[in-house]
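Chains A and B are the protein sequences, given in the same order.
If you count by the numbering used here, then the first sequence holds residues -3 to 252, one letter each, in order.
If you count by the numbering used here, then the second sequence holds residues -3 to 252, one letter each, in order.
For glycine and all other residues, C-beta sits at the position ideal for the given N, C-alpha and C.
Have a look at the structure below, then the notes.
2 protein chains.
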Amino acid sequence: MELVRDRATLRLEVPMTASRDARRNGPAAVRRVDTRGGADGRVPDATVARLATYLRVLSTLADRSVTTVSSEELATVAGVNSAKLRKDLSFLGSYGIRGVGYDVTTLIEHISRTLGLTVHRSVALIGVGNLGQALAGYAGFATRGFRIAALFDADPARIGSEIRGLVVSDIAHLDAIVAEHGITIAALAVPAAVAQEVCDRVVASGVTSILNFAPVVLSVPAHVHLRKVDLAAELQILSFHETRKAAAALTEAVEA
Amino acid sequence: MELVRDRATLRLEVPMTASRDARRNGPAAVRRVDTRGGADGRVPDATVARLATYLRVLSTLADRSVTTVSSEELATVAGVNSAKLRKDLSFLGSYGIRGVGYDVTTLIEHISRTLGLTVHRSVALIGVGNLGQALAGYAGFATRGFRIAALFDADPARIGSEIRGLVVSDIAHLDAIVAEHGITIAALAVPAAVAQEVCDRVVASGVTSILNFAPVVLSVPAHVHLRKVDLAAELQILSFHETRKAAAALTEAVEA
DNA sequence: CGCGATTTGGGAAAACGTTCACAAGCAGCG
DNA sequence: CGCTGCTTGTGAACGTTTTCCCAAATCGCG
């Protein structure tokens, strides 16, 4: 299979297929309890998680001037099954062209819109210790649409210092700064012992999405979205599989 | 639910939580695994991911000298449904006592064994840039059973320098050092552009589990387990939910 | 010892997610 | 214009995970 039809890939332009634009149904009043996404109907959690990957892959294709890509090609590069990819994309609407594939630019636009990346989002980073400093300097955030707008810490020794052009603020000023920048997302890179306390303050300041790096289970009100990155847990999961592999090898040896 | 019990049993007052969890999926390979040899039956992927959390929570309970915990209590603290927790634990065997609950110490032991944490596991960290240095210094690894045994980089400026008591080795020496320390797990914190190349070298050196921090889709042989941590993707997922919330608020406003 | 209160373990159903498989749509060509 | 080749979009099958629910096990007490 030809993975990616490079340069000068077939058609240069999308005809008028993208005519039926699934824009937000402004006129059509809306039902009720429907918690709908920004673009279309409901998008499954598992799909949302993959959209980020598709978006990244599509960006690299765009950089290589690839204009069109089939689900089979895109799926291979993204490391998923092509049927799954098509189903995922179908939640955003019908933006493919049968017999041809998907227009890279169009797809990037629609995924970006679905993920809410078309509006500017500022992120607050709480805790500039070991991990926090690395996050503050992580280039991947900026290149994928996020700007760390403020750094906070509770340690007087760190407050006032400058990291990558940003001054570390006293967490006491959280409320004011969050309001000022219209921050709705915060990343928590604080010690486990104080994570819940800091989390509560962050929630109180008006933040509604939290990415937690501390190895504790945080509890937040229902209207706040919480995700976690547990580094040690990731290694433990790998460890589990290592054990399993070792056991399988043993079994095989015994059988032979 | 009566959470308080006399003696050294857990007491807590947990507010209602809305903890959410995203699931990941990778190539769910693996086939039959023998139940012999003190091992356990098949444990679902989703369960394995949660075991790490249970273990962490149980450790804090043990620190507080709690000796017994019911599924209801443990589930509340871990942020999951109690039926799910019981089912998860049942995959390890029957270690609970009806009418009483689970013995904290016993449970810690069994989960640790299932996750393969009873054998020493050394981890290689490839790439000591921004993020890599933070990982090298992350205390959470050591406290949860992992030791970073070697640091590698390709940059001559970094090779030879010392980070947290470990000297950065030239990645050219990967094979020898991996073999010497019996390393089977590696964490990749290298630039996206070289991630696949480095990954291939790591695999060739004999590593069979990889934790990838680079924002690229890596491909590895079937016998190697791969997990990824995509920081920007986490924010994008939160962004999606922010958008969704904004849309819901709008809908509400229109209705009112 | 029997009883009531409690809690596990697991069968069964429901919910969710993935994969299959194919009709429908589109482009290109003769 | 019809035919061929290719690819999307999606209903249905399948597999996995979660949840429901209750019999069985255990404890404490009278």
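Check	Outcome
Candidates B:ILE167, B:ILE144 and B:GLY141: closest to ALA153 (chain B) by CA position	B:ILE167
Alpha-carbon spacing of ALA42 (chain A) relative to VAL62 (chain B), whole angstroms	37 Å
Cβ contact check for the region 105 to 123 of chain A and the region 72 to 84 of chain A: 3 or more pairs under 8 Å	no
Under 7 Å between C-beta atoms of ALA120 (chain A) and ALA182 (chain A)	yes
THR64 (chain B) - DSSP class collapsed to helix/strand/coil	strand
Chain-ordered chain B contacts of TYR134 (chain A) [CB-CB under 7 Å]	ASN126, LEU127 and LEU227
Continuous beta strand (DSSP E) assignments of at least 3 residues falling wholly in the region 169 to 227 of chain B	181 to 184, 205 to 208 and 221 to 224
Neighbour list for ILE181 (chain B) in chain A, Cβ cutoff strictly below 8 Å	LEU231, LEU234, SER235 and GLU238
Positions along the region 58 to 76 of chain B whose CB lies within less than 8 Å of some CB in chain A	VAL73, ALA74 and GLY75
Limits of the unbroken beta strand (DSSP E) element including LEU121 (chain A)	117 to 122
Three-way DSSP call (helix, strand, coil) for PHE137 (chain B) in this model	helix
is_contact[PRO187 (chain A), chain B] using C-beta, thresh 7 Å	no
Reduced DSSP secondary structure (H/G/I, E/B, other) of ALA145 (chain B)	strand
Neighbourhood of GLU103 (chain A) by C-beta distance below 7 Å, restricted to the same chain and skipping five residues each side	Checking the sequence, you will find Leu at residue 103 (chain A) rather than Glu. The residues are LEU54 and TYR91.
Opening and closing residue of the alpha helix (DSSP H) in which GLY128 (chain A) lies	126 to 132
Beta strand (DSSP E) segment containing SER157 (chain B), residue limits	Taken as a continuous stretch (DSSP letters only), SER157 (chain B) belongs to no beta strand (DSSP E), as it is neither H nor E.
Closer than 7 Å at the beta carbon, the chain B residues around GLY112 (chain A)	SER235, PHE236, GLU238 and THR239
Helix, strand or coil at GLY89 (chain A) according to DSSP, with G and I counted as helix	coil
Cβ neighbour criterion (16 or more within 10 Å) applied to ARG115 (chain A)	The residue asked about is misnamed: residue 115 (chain A) is Val in this sequence, not Arg. Exposed.
Contact the region 119 to 138 of chain A vs the region 174 to 189 of chain A: 3+ CB pairs below 8 Å	yes
Min CB distance PHE209 (chain B) to chain A below 7 Å	no
Proximal chain A residues relative to SER118 (chain B), where beta-carbon distance stays under 7 Å	Correct list: empty, because the minimum Cβ distance to chain A is about 11 Å.
Buried or exposed by the 16-neighbour rule on C-beta atoms within 10 Å, applied to HIS237 (chain B)	buried
Chain B contacts from the region 137 to 153 of chain A (Cβ-Cβ distance under 7 Å)	PHE137, ARG140 and PHE142
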